[in-house]
Structure formats: structure tokens, C-alpha cells
Amino acid sequence: MTASDMEESPRTETRVASKPDAQCYCAKGRNLNLIELQCMGCSRWFHESCISYQMGKLVPFMLNYTFMCKNCSATGIETFRKTQAQFLHICVTALANLQHNSQREGRSRTMFSKARELIPFIESHWESLTTMSRRNSNAWHQSIQRALVKEIGAVFVCQDRAKDPENDVDPVGDLAHLGALYPLFGLFESDLTKIRPLYDSHTGSAKGRGTKRKLIVSDGGSASQAIAKKLKGGDGAFARLAPHGYPIDHPFNKDVYRYTLAEPDPHAPFRQEFDECLESAGKQIPPWLYRVVTPPTVLLAMHDRAPQLKIGDHRMTVTGEKGYCMVRATHGVSHGTWYFECTIVEMPDNSATRIGWAQAYANLQAPLGYDKFGYSYRSRKGTKFHESNGYHYGEGYEKGDTIGMLIELPQNKPISSYLPNTCKGKALVRFKNHLYFEEKDDLKAITNNLTPLKGSKISFFKNGVSQRVAFDNIFEGLYIPAISLYKSASVTVNFGPNFKHPPEADFKPLSARAEEAVTEHTMADLLFLTENHGKLSLDMV
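Numbered according to the numbering used here, the sequence shown spans residues 4 to 544.
Spelled out as C-alpha cells, the structure:
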């Protein structure tokens, strides 16, 4: 991979390049050998292999779905829903696949036997074609027949007897057996690139009761004109999504297991070969074909928290429940001087907070400072905590107070040593239509390898007043803003760049980590692919 390759598909930008034939995030044109989905917002086509959302069983040329790309979605994450398919839709999709498969085999047939080819294709791909349960009898064969015959001349063409057997259908046996092959059916519009999902031409609008649906959108073609008058219906509801582009149904980091949202890596080798290979269906996906999703903004993490904590819609406020538990932010720091603030929104009687910094291994079901991986400042009596040891430190704080957290981490090794883990060697697991990298931590080994970082410091501020240095020579590692709450206390975070009480020290706002993290992950992925050039193959699956 070259630098120019990276510029063509930068990690921070998912927009489609302004090339005449550009469609997908990868800035490439259409590829009928792959499953492609058309966005109902921008009407561009996206390759299944470039889409993060795991959609389950699909076939090319589907009509019955609603899809929104990252660029058009209000949440910044793709949305997909398979809708109910009528037998008319099923026939169009099946015939399109039969025609395309024939073209790939070099035969270029356009007419196919209902009994010998169309019905068997539908039977073998039933779950991919429709959300209807599989039928127990063959009565649906008559429904297929009626759907085909009803739309002859508008959507389908029919051939009742042999005209050119060598071109239209492969002869089987003697002439007596040929009768079983007929009638033959094909698509009225044989240009497969004109098959579209059931969207209205103005699906970008969110107004109205529902959208009119079109079956085949061709430029003035009679098929689309005929079908547009027949099919109406709404787009259906998308799966619920959390704000700021993270799935609302997701695995939580728990015990020694951590999960990181993954997306297709457009720069990985053999990406297209894996997607086009029929034998790869249902097989384990090589993890190096995917990469870590880097959030574009520093927020409170949806997955890196105790499940009982309530995160606000904008992911900047957290509210506790019952016993002490913790939430971390989406980004951490390993070197440099960084600052963020927290404002106490609610502090009912007998509630409390501990705010500070934690590594990714700190126990989420415990107060911050419970183990070796966290350092905190408690609201009650201003106590500081580390390894469950509390010491009098500064003033206590309450509702309305703003607490500042400053961390100083000297750089003591080459900058390349701070690059993040690519996770390309970790296991990929599927959860609720998305893929995640799964990591299992060896806490005993990690704890034994902890070493103090000479010159490092953590300081806290109350309403702009320094409470002095709380911890020094802390353990080396990646430190993430963390908040633990007892009972129903509520805290709002401010990661910058504008603060109520910025310290006098030379620091960076934690909000700057979002852009830096994108660059670091891109470099880490590039190094992995470069170091493993020629070593990666689909046979490794």
C-alpha cells in the first residue's frame, strides 16, 4: 500500500470520492459479482464488503430492503432492514441472479425454466429472498406462476416453446422431456444495473406517511412505469441506534473480555477475492480484513461501562444507580499533558463520585481507584484513592462544582511504541448485526509487568483551584478519563476544547485525541499490512 492509496480512502472520511463512476466508500464503481445495496438517501451503491453492518443472508439484486449509508444517516452509522417481499419481487431477484450466473459462466442466457431453474433457485435461497417462513407445501409454486404471468410484457417475458434451445436453455434428454422445461421466463429489462430496491425517487425526504415504491427504476422504461402504479408501502422502521454512531445493542466489556467495534478495512489484501468467493459463505472471516472503528469525537463509551449506568443521549452525562460502578471515555492518552473537566449535576444525600483516570483493565463494577489500574478523587471528604487505599487529599465537592483532571505523562520511548493495537490478530465475533474484535486480558501477567513512569503526575482542580499533585510516578500505560458513581449521582463531562477553568499549565484538551487516534490507528494498520505483506492468505481461515 502506498501513501497515495491512503489519501484516496482516508480513515477520517467516508464520503464517496467525486469520480464519475464512484459509488461506495471505497470510491469504486458497481460490481455485480458482489452483493450491493443502494442507499435510500443518496442513491449510491455500496458493496456489502465495505458495509460494517452485518446483514445476514442476502443475495444480489434484492428489492425488499431499506438501507442508509454512514454519510446519510443522522447517527453516522449504517442502518439496514429487510422488508417483506412479494412473489413478484422474489421472481425478479431470482431471474436476475440466474441471468448473471449464466453470464459469469460465459453462456449469456436470458430465459430460464420455471420448473427446472427458477423454482429450485428460490427454494435454495428462500431465507435470503424473503422474511416469510418456508412453506410446508408446494402451493407457493402456483403463486410464482401467477406473479409471472400477470406481469408478462411489463416486468417479464415468456417463451412457451423452443425457439433457440442452444441459447435459451440446455436440452435435457429427448424431445419428450423438453416439454418439462417450458415455459421459459426472463426479465423484460435485461440490463441488471437498472434493478433498484423499492424506494421512491425522493426517499431523501423524511416527510410524508410513506414512500411509493418502484420495482425497477429504468430511465423511462415501461417496466418501471407499469410497476410503479402497483406497489406502495412504507420503508419500515430502522433498528434503534444510539446517538453518535454506536449500536444501541452491543456487548459490554466485562471481566477479562473487551470488545471493540470493527469495520471493513478497504486496504486489506484479498478483500474482493474473499467477498466474491462462493466457498467463503458461512466461513470465519479473517480478522485482518477488518479494522478498529475510531470514534470521530471523544465521548463517554457505550460499551466500556457498567451496564447499570445511564448514559445521556449526547453521551456527555452519566447517572449512577445503587452501588459503585464505572464508565470510561472512548479515548485515552499514553504520553503528553492532557486535561478534561467534570461538572456535578446531581449529588443526592448519601451519594458520591470518584473521578479521575483509569487504564482499560480497571474493574468497571468497582469504584475508581479500587485496583492498580485507577487513580481517583472522591467527592466525600476530598479523599484520593489508588489500590483501595484512601488518603486525605483536598476539599470535598458537591452539586454545581466543576472538577478538573490534569495528567502529565512524559514520553520515554520512540513515538512508534505508542501506536495502538490493530486487533487484526484478535477474534472477530458477531453481535446483533455488527462485528467486534474480542480481546481476553491476562490480568495477572499485566499486573506483574506494571512499571512506574518516572516524572508522571496526576493533579485535580476544584472550580479552577489546584488541589496540588495527587499522584506521581504512576504506572506506565494508556490512561482513559473515568467516572465512578455511588447511587444516583449525575456528572457531565467536558473534554474541551473550551473549559470553564483551564489550568495555567501547557496542556492539550482531551478532545484533540479524536483526530490523533485516527492517525495512529491508520499508521498501525499500515504497519501491520506492510510487515505481513505476502504472509496473509485466505487459506489461513
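Using N, Cα and C, we set each Cβ at its ideal position, and we do this for glycine too.
For clarity, every value in this text was computed on a predicted model and none was experimentally measured.
Next on the checklist: At the level of alpha carbons, what is the spacing between P351 and A492?
Outcome noted: 6 Å
Checklist entry - With 16 other CB atoms within 10 Å as the buried threshold, where does P546 fall? => result Since the first and last residues shown for the chain are 4 and 544, residue 546 lies out of range.
Next on the checklist: So, with DSSP's three-state summary, where would you put Y364?
Outcome noted: coil
Checklist entry - Which same chain residues, not among the five before or five after H253, have their C-beta less than 8 Å away from its C-beta? => result Y262, L264, M305, H306, F434, K435, H437 and Y439
Next on the checklist: Quick check on the DSSP output: the beta strand (DSSP E) that includes Q87 runs from which residue to which?
Outcome noted: Careful: Q87 lies outside any beta strand (DSSP E) and carries neither H nor E.
Item to check | Nearest residue (CA-CA) to E390, options W360, S116 and S382 | outcome: W360
Next on the checklist: If the criterion is Cβ atoms closer than 8 Å, does the pair S382 and Y400 meet it?
Outcome noted: yes
Checklist entry - Starting from D528 and walking both ways along the alpha helix (DSSP H), at which residues does that stretch end? => result R516 to E534
Checklist entry - Given a threshold of 16 other Cβ atoms within 10 Å of its Cβ, counted over all protein chains shown, does D268 qualify as buried or as exposed? => result buried
Checklist entry - Is it true that the segment 502-511 meets the segment 356-372, where meeting means three or more beta-carbon pairs spaced less than 8 Å apart? => result no
Checklist entry - My guess is that M319 and I486 are in contact by the Cβ rule of under 8 Å, so how many angstroms apart are they, rounded? => result Contact doesn't hold; Cβ gap of about 11 Å is too wide.
Item to check | Bounding residues of the beta strand (DSSP E) (the contiguous stretch that carries N256) | outcome: Unbroken run through N256: none, as it is neither H nor E.
Item to check | CB contact flag (A271, L431, <8 Å) | outcome: no
Next on the checklist: Would F70 and C42 be called neighbours here (beta carbons separated by less than 8 Å)?
Outcome noted: Yes. Within cutoff.
Checklist entry - Out of curiosity, what's the CA-to-CA distance linking Q26 and L481? => result The C-alpha of L481 is placed about 38 Å away from the C-alpha of Q26.
Checklist entry - Which residues share a DSSP beta bridge with T263? => result F440
Checklist entry - Does the segment 80-88 come within contact of the segment 141-157, defined as at least 3 CB pairs closer than 8 Å? => result Segments in contact, no.
Item to check | Beta-carbon proximity list for S540, same chain, < 8 Å, skipping 5 on both sides | outcome: Correct list, in chain order: F273.
Checklist entry - Near E442, what residues of its chain come up, given a Cβ to Cβ distance below 6 Å and the 5 sequence neighbours on each side ignored? => result The residues R261 and K429, in chain order, have a CB closer than 6 Å to that of E442 in the same chain once the five nearest residues on each side in sequence are set aside.
Checklist entry - Since Y342 and M408 are thought to touch, with beta carbons under 8 Å apart, how far apart are those beta carbons, to the nearest angstrom? => result Yes, Y342 and M408 are in contact; Cβ-Cβ is about 7 Å, under 8 Å.
Checklist entry - Where DSSP assigns a beta bridge to R308, which residues make up the other side? => result Residue pairing for R308: DSSP places it in a beta bridge opposite V330.
Next on the checklist: If you measure between the beta carbons of V301 and T333, is that distance less than 8 Å?
Outcome noted: yes
Item to check | Own chain partners of R516 with C-beta closer than 7 Å, once the 5 adjacent residues on each side are dropped | outcome: V301, H334 and V336
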